Structures are given as structure tokens and as C-alpha cells.
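Working notes for the structure below.
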């Protein structure tokens, strides 16, 4: 087999016989059958459900915090996949919305603690620790930011788009660094996690399940979204925007809405991370963070929705375990990433699911 | 007035640095259609090699002379091993692969040189100042940087318009297959173009050494500004890179210097300083947004 | 005399020093198949792009179905019944044949800000997908990703998608390019069938097809229409002969492809 044939097969450029169906059902994206892919999802879901119990039994509470982090980044990665894998929009500024969501929580928490208000006079807004108030607000703020940045950036495509989303995200980073009132470079420490009626989010196990619920809900919503009329338009735009226009779709508005939805998802993840670490800083929206989330999507498998969950788990676990051996683990991750991009584009999910390259 | 001239020149100097960085990058964008996030890494390599050699030998010039080939060589090796395989791939792949390169180079520098920043001294023979106008002294070193930048600009202009290889590059840019059919070794040409770009980045890096700190990750901050320059100037256009670089350099420097003063006219000092700091850091991006609204393809886009 | 379906007046388009369209004029009547021919580099693609809306003319006017459409964007023209098929097959590779056609159906049935219900369950889609698949002859291949189709099947899909919205005018961009003789025969049959349903502006190099299908022909040279009329008139026109250097004009009457 020549190297050309090898890469072609690995990259799924040649249509292969698809993995045999065990039963006939409509799976996550479009027409799929129950096969290795759905089983992989089912097993992962099961593991995730019982994890805190296992952690409790083995007396490793740290596993729960790590797992919560994975779930939160998985949420951010899935939201990016909506925009990237399904919409074809390569944004290097996704972390901006992640950070804005986090700051929404952080700022309101700070004001609540200090008893001060945001703005003065007639526009004064008091702080709050209530998740039911603060989290939707954080999502709304991220969505609004995505609306503005998207409206400006989506007038461009290709290389321009990548660079512009990157630049806007960095702009927000520098803006937050310059906000001395909110900690500047040092950020804000939350004095406690937000409150949800009936639950104690301060308890790591309960918080874990809240994160899990958020991820599952978002995954479900996204799954319906990509099969809906809206989802089909987005996927069409990814494949061939020129043709979409010429059959009659005003593509700009659809892509913008997709961008906003993705931003909102990242905002929710940001609100959760602020709670999880009880700390927010501008570093959350640095473009290298956008890069990490992008890597999670790639590692897990673009355009698959569930793949990025696996990708987030893989990247964060790699960081955890490799850093035990060497603080310089990134010197290995870098080339590893290059190799994956060049030779294993379909990602872990693709490999597990025996992908026939037919993602979305 | 004194301050204004000084800041104007500082802005010019920053603009020159950005010009050196963005020329290489915009060439690679325009000719090879590759988005290269790792460009900042060659700036960093130039700075580190230059600083190390300068510290060892005590000669700034030797540092510069060592930095240039180091950056060029590193660039050509990276081109042959990695970039070459990315030309036919889509932009996402290029972003991810070059992101991996950044991780690698940053960590490599931390391994080889540690986490503490290196400090480069301004060479003794450039450490004074020059009276450019009566009563207005300006650091000689910064003037030297400006001079070098202008020289490089002229050299590049001559290279592209007067030499065979320059013509080949432009031919390769407009029609790869045709140029190849006419006997131009496209592969080699691309490697050389990339090496030229990284050489310029390395030059910018080593010259920045005495002004900024030499540390891992230094490439990323200037990379973002470089992207802004290219977006404003127009992808693939060296003239655009020049205009964009000067604009960005001036807006950023003058903004930081004078926005606090300006805002104090309207707001109370406390608010003014805070708002000025925020606005100054965002100024270049706001400029970019404004250019985008008016000219989505940049101010002087290259003709395809 | 009924008003022309498409009326193009004096389109001008410069690319730097090159004038791609030099006061280009054209009229397509309802129900006719109008062919646009011209030597390479005459500006046919530029003209077509200005008609579909992908390119903005420097000056000139375009009227379609009674509307002044010059400032209209591409998607608006499409929704008004001006459809286009591309020379280089332009479909949605990663979607199935059925999904490709469903998108075309969806485009003409309201907006698509529906986020929950499956696209395939849409009443308009359910109703029209069967006939659409039949029309392009791809019922058997409905669930195959479009990228896996054969070249000929892709072209069928390509044209089929443009027809889904029941357009009034179809811009056909060099459909015979790269076709073997067998494919060309099939294509001519298809276009003949289409003539009853839709007006067509056919940009083409294949003279055999042009002369057997067209009701009227316009000749484009250096961005300018030098002649326009019935096929026999064009064949006999000395200016046209000169433009083509006598190479590609068929010597005998109507060669059926």
C-alpha cells in the first residue's frame, strides 16, 4: 500500500463499506444505525453517571473535580463543534464567549459580596449569587457578544475570518486585563459558588451532576438542531455557501444565528467554570484557550457532537497524567497534534465508531 | 510637542517591527495560501539565538548575524517537514498543525533556556541618543531599528521588481502550475520564500530583544498584532503590510500615550485613566473593525 | 409583443484595464431557449455572474420578470425564479442526494429558522422530494452521499437542484463541458424536455447542441453582443463567421447531437 493510499483510507477519502448495523435506528446525526458508535456513546454515558459514586468509594474526591472540569470543557467544545464541524466556521476566538460567561458570574458575585452595584444611578444593578439569575444572564451576554463579533466577522471568509475572530477575542482579553476594577490581570475570586434552590453547589458531587445535566441537555438540543431545517441550512453552508445562495438562502443570517448559539453554549460553560474554580481571570479568553478547545474538537472528531466530549476528556486527562512525569509535556503534545492533523483527521470518535467518513 | 515627536517615532519604530513580521507572513498567506500561526515562533527563535550569542560573545552584531540564519534555517526545516504537507489542506488543518508547532517551540525554549526571561543590552555604540531636531533627543537604538526597516523595505522592493528570483516568486504566486511548467522549481521556491519570511521575523525578534523581554510566548503577542496588520493591509500585499504596519504602530503607540490626556478633558481623572487604559488596549482592534466595515478585503489588497 | 422575461441593458464591467463586459445587451423571451455563444475570453462567465448576482456590474440595468433586479443579491433573484446551474458541478458533497434536493425544496418554502423538528418531516419536503428525485432519475441513489455519485449523476443532481423551485429562467453554464457523446445525447434530451417547463439561457461552446436546441442565439465577442437572432441568421452573419474564424460553425443545417 503506498503512503498515498494509506492516507486516503485513513482520511476516509475513499468511500468504504460502512460498519454493519446491529439494529436499524436513527442515530445521532442523520441516518445511522446502532453500531459501534452508539455503543461507544452509551458506555461513556454510563461511566459518567456513576463516576462520583466510584470516586466516593475509592476515596478520590479529586476525580470528581477533574471530571467536572472535563464536562465543562466538553460543553465548550461541543458548542464550538456546532459552529465548526457543522457550520464550517473556523473561529479562533471561541474562548472569548467562554470568558464572558465566566466574567458574568464573577462580576455579579463580586458585587453581591461587596454589596456594591454595577454602574451607578439609574442604571445600577446589584450583584447576585442566584444561579437562576446569573447563569441565564451570562449566556445572554455571551450571545450578545457573539452577535456583535459575528456580525462583523461573518462578512469575511477563510483566512480573513480566522484572523478576525482571533483578533476580536484578543481585544476582549486585553479589555478585561485593563479592567482594574475587576482584578485586571489577576482576575476575581468568588467567595462561594452560585446557589440553586434545593441544591448545594458547594458540594462537589452535586455540582458534578449539574454540569453533567447541562452537557447532556446541550448535546440533546444540538442533536435536534443539526437535523432541523436550520441545521440543514448550516450544513449546506459548510459544504457550499455559493450554491446555498444560488438556490435562494440568505446565508449570512443563518450563519450568524449559528455563531450566536455556539457563543451562548460557550457562555454557559464559562458560567460553570467560574463556579467550578471559584475564580475568573482574563486567561480564560486568551486565544491559546481557543486553540485548546479547537484541539479538543479535532482530537475527538469534528462534526460529530459527541466526539468533542471525548476530545475534551482526552486532552485534559493527557495534561493531568503527562504533567506527573514532566512539566514540559507540551513539547510532546505539539508534535502529537501535528501528526494527528496530518494523518488521523477523523479523530478518536471517528476511529472508535469505525467511521465511514460520513460525518453530518 | 517633545513628547509627541518622541511618541510618533516610537510608533514608527513599532510599525517597522510589525512590517518585518507581516511581510513574511503575508507572503506566505498570499503565495502559498497557508495560514501560519507559528510565525511568532521564529521571531522568538531570532530573539533567543541573538540574545544568547550576544551574551556569550559580548557583541550585539554577532548576535544579529547569528539570529538571521538561525531563524531562516529553522523556517526552512519547518517548511520541509510540516508546512509543505499543509498547502493542499484546508485552513482548519493549517491552524491546528501550526498551533501544535507553537506549543512545541514554546516548550522547547523553556526546556533549553528555562522560564526566566533573557535580557539583552542595547549595544554600547547605540546606547546614546541623537538630536533629530534641535532640542529633541531620541534613542539611537530605536533610530537604528527604523533605519534597518527602511533599508529592508527598499531591498525587498528591489528583490521583487528587479531580480529573476523576485519575478519567479511573483509568477509562482499568480500561477503555480504555469510557473512550474516553465521550469521554476516551485518546491524550492516555496521553501526559500518561507525562509525569507522567517528570516525577517527573526530580524524583528533580535532587534526587539533590547527593548522587550526575551521569553517563551513572546511571539504570540506580536503575532496577533501582525494578523491585525495583515487584515488591515490586505492579505498577500506587501504594500498593504507597510501601510497597515505603520497605521497599527502609530495608533497603538499614540493611543497609549495620549488617550489618558485626551479623556481627562471630558471625564474625571479616575474614570479617564481607567477608560483610557481599556480603550488604548482595544484601539488597534477597533481600527481593524472599522477598516473591515469599510473595506472587507483590506486597504490595499493584492490583485489576484 | 409580450415583455421579455429577462432584459439586460448595457452592462459594463472592468477588471482594471480589461473590459470584461462592454455594454452587453441581451433579451430572453418567455418560453424560449436563448443561447449565448462566443470565443474563449469573450466574457460569457462574467456576463452570467452579473445576471445571477454574484458579480456587481459597474453600470447597466437588468430587468427580470418585470422587476429591476440590478441591486438584488443572489438569493433574492433565486427566490424570484432566476435559477442557475454551474459549469463546475456545485453540490453539497457531504450530504446525501435526498438532503441536497431537500435543501433546494426548503429554500422555496418559507424561512428556515426552525430548530427542533426534523427537516425531513417538513410537509413541503415530504410532498416534493419524491417527484424531485424522479425528475433527476436518482431515486435509487437517494441515500448516497453526493460526493460518491458518478460524474454524470452529479451533473443531473446539479441541474435538478436548480429546477426544484420551478424557476422561470434557468441559467445553464456550459452543461456540455467534458461530456462524452453518450452523455451529450442524454443531456440534449433533458434540455428538450425542460424547454416546456422553463425559459433557458444556455451558455455553451458545443455548436451542434446550440444550433439544434436554440430558438435564438446571441454572440458575445470582447464583452459585446455583436449579433443576436434566429440560428440561420447567426450562421449566415459575416461578423460572426469572422469572430470564430470559421472553425466551429457547422456547415450544414441543424446537426442533431
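Chains as they are written, first to last, in my numbering: chain A, 1 to 360; chain B, 1 to 304; chain C, 1 to 257.
The C-beta atom is built at its ideal place from N, Cα and C for all residues, glycine as well.
All of these numbers come straight from a predicted model, not from anything done at the bench.
What is the DSSP secondary structure of residue i, counted as helix, strand or coil?
i, result
"residue 69 (chain C)", "coil"
"residue 202 (chain A)", "coil"
"residue 107 (chain C)", "helix"
"residue 323 (chain A)", "helix"
"residue 64 (chain C)", "strand"
"residue 286 (chain A)", "coil"
"residue 24 (chain C)", "strand"
"residue 1 (chain C)", "Summary for residue 1 (chain C): the model assigns pLDDT 46, below 50, so the residue's position carries little reliability, and this model does not support an answer."
"residue 83 (chain C)", "strand"
"residue 132 (chain B)", "strand"
"residue 128 (chain A)", "coil"
"residue 186 (chain A)", "helix"
"residue 81 (chain A)", "helix"
"residue 202 (chain C)", "strand"
"residue 154 (chain C)", "helix"
Look at the Cβ atom of residue i, then the Cβ atom of residue j, and state whether they are nearer than 8 Å.
i, j, result
"residue 233 (chain B)", "residue 298 (chain B)", "yes"
"residue 151 (chain A)", "residue 290 (chain A)", "no"
"residue 247 (chain A)", "residue 142 (chain C)", "no"
"residue 97 (chain C)", "residue 138 (chain C)", "yes"
"residue 90 (chain A)", "residue 97 (chain B)", "no"
"residue 83 (chain C)", "residue 209 (chain C)", "no"
"residue 30 (chain B)", "residue 236 (chain B)", "yes"
"residue 207 (chain A)", "residue 276 (chain A)", "yes"
"residue 303 (chain A)", "residue 314 (chain A)", "no"
"residue 173 (chain C)", "residue 50 (chain C)", "no"
"residue 267 (chain A)", "residue 78 (chain A)", "no"
"residue 148 (chain B)", "residue 207 (chain B)", "yes"
"residue 196 (chain A)", "residue 132 (chain A)", "yes"
"residue 145 (chain B)", "residue 16 (chain B)", "yes"
"residue 43 (chain B)", "residue 167 (chain A)", "no"
"residue 253 (chain A)", "residue 87 (chain A)", "no"
"residue 263 (chain A)", "residue 97 (chain A)", "yes"
"residue 219 (chain C)", "residue 37 (chain C)", "yes"
"residue 49 (chain B)", "residue 117 (chain B)", "no"
Excluding the 5 residues flanking residue i on each side, which residues of the same chain have their C-beta closer than 8 Å to its C-beta?
i, result
"residue 195 (chain B)", "72, 73, 75, 76, 79"
"residue 110 (chain B)", "216"
Chain A partners of residue i, CB-CB under 8 Å?
i, result
"residue 97 (chain B)", "337, 338, 341, 342"
"residue 227 (chain C)", "Near residue 227 (chain C) there are no residues of chain A at all, since even the closest Cβ is about 29 Å away, more than 8 Å."
"residue 103 (chain B)", "330, 331, 333, 334, 337"
Going by CA-CA distance only, name the one from the options that's closest to residue i.
i, options, result
"residue 133 (chain C)", "C:234, C:175, C:151, C:158", "C:158"
"residue 197 (chain C)", "C:42, C:4, C:32", "C:32"
"residue 240 (chain C)", "C:194, C:39, C:203", "C:39"
"residue 25 (chain C)", "C:37, C:18, C:3, C:11", "C:11"
"residue 157 (chain A)", "B:189, B:278, B:292, B:70", "B:292"
"residue 246 (chain B)", "B:10, B:5, B:2", "B:10"
"residue 229 (chain B)", "B:180, B:200, B:288", "B:288"
Near residue i, which residues of its chain fall below 7 Å by C-beta distance, leaving aside the five closest residues on each side in sequence?
i, result
"residue 241 (chain A)", "251"
"residue 420 (chain A)", "The displayed coordinates of chain A run from 1 to 360. Any statement about residue 420 (chain A) would go beyond what the structure contains."
"residue 329 (chain B)", "Absent from the model: residue 329 (chain B). The displayed extent of chain B is 1 to 304, so no value can be given."
"residue 102 (chain A)", "270, 271, 273, 274, 280, 284"
"residue 297 (chain A)", "77, 80, 81, 84, 85, 308, 311"
"residue 211 (chain A)", "68, 71, 72, 272"
"residue 222 (chain B)", "21, 40, 43"
What does residue i touch in chain C if you count any residue whose Cβ is under 7 Å from its own?
i, result
"residue 73 (chain A)", "Under the 7 Å cutoff, chain C gives no residues; its nearest Cβ is about 25 Å from residue 73 (chain A)."
"residue 383 (chain A)", "Here chain A covers residues 1 to 360 and nothing more, so residue 383 (chain A) does not appear."
"residue 227 (chain A)", "118, 119"
Residues of chain C with CB under 9 Å from residue i, in chain order?
i, result
"residue 224 (chain A)", "115, 116, 117, 118"
Taking C-beta pairs closer than 9 Å, name the residues in chain A that residue i reaches, listed in chain order.
i, result
"residue 91 (chain C)", "239, 240, 243"
"residue 274 (chain B)", "178, 179, 180, 181"
Name the chain A residues that come within less than 7 Å of residue i, Cβ to Cβ?
i, result
"residue 193 (chain B)", "Residues of chain A passing the Cβ test: none, with the nearest at roughly 17 Å."
"residue 277 (chain B)", "178"
"residue 99 (chain C)", "232"
Closer than 6 Å by C-beta to residue i: which residues in its own chain qualify, once you throw out the five before and the five after it? Chain order, please.
i, result
"residue 193 (chain A)", "201, 202, 275"
Starting from the beta carbon of residue i, find every residue of chain B whose beta carbon is closer than 8 Å, and list them in chain order.
i, result
"residue 82 (chain A)", "Going along chain B, no residue has its Cβ under 8 Å from residue 82 (chain A), so there is no contact; the nearest lies around 15 Å."
"residue 167 (chain A)", "224, 227, 228, 231, 285, 288"
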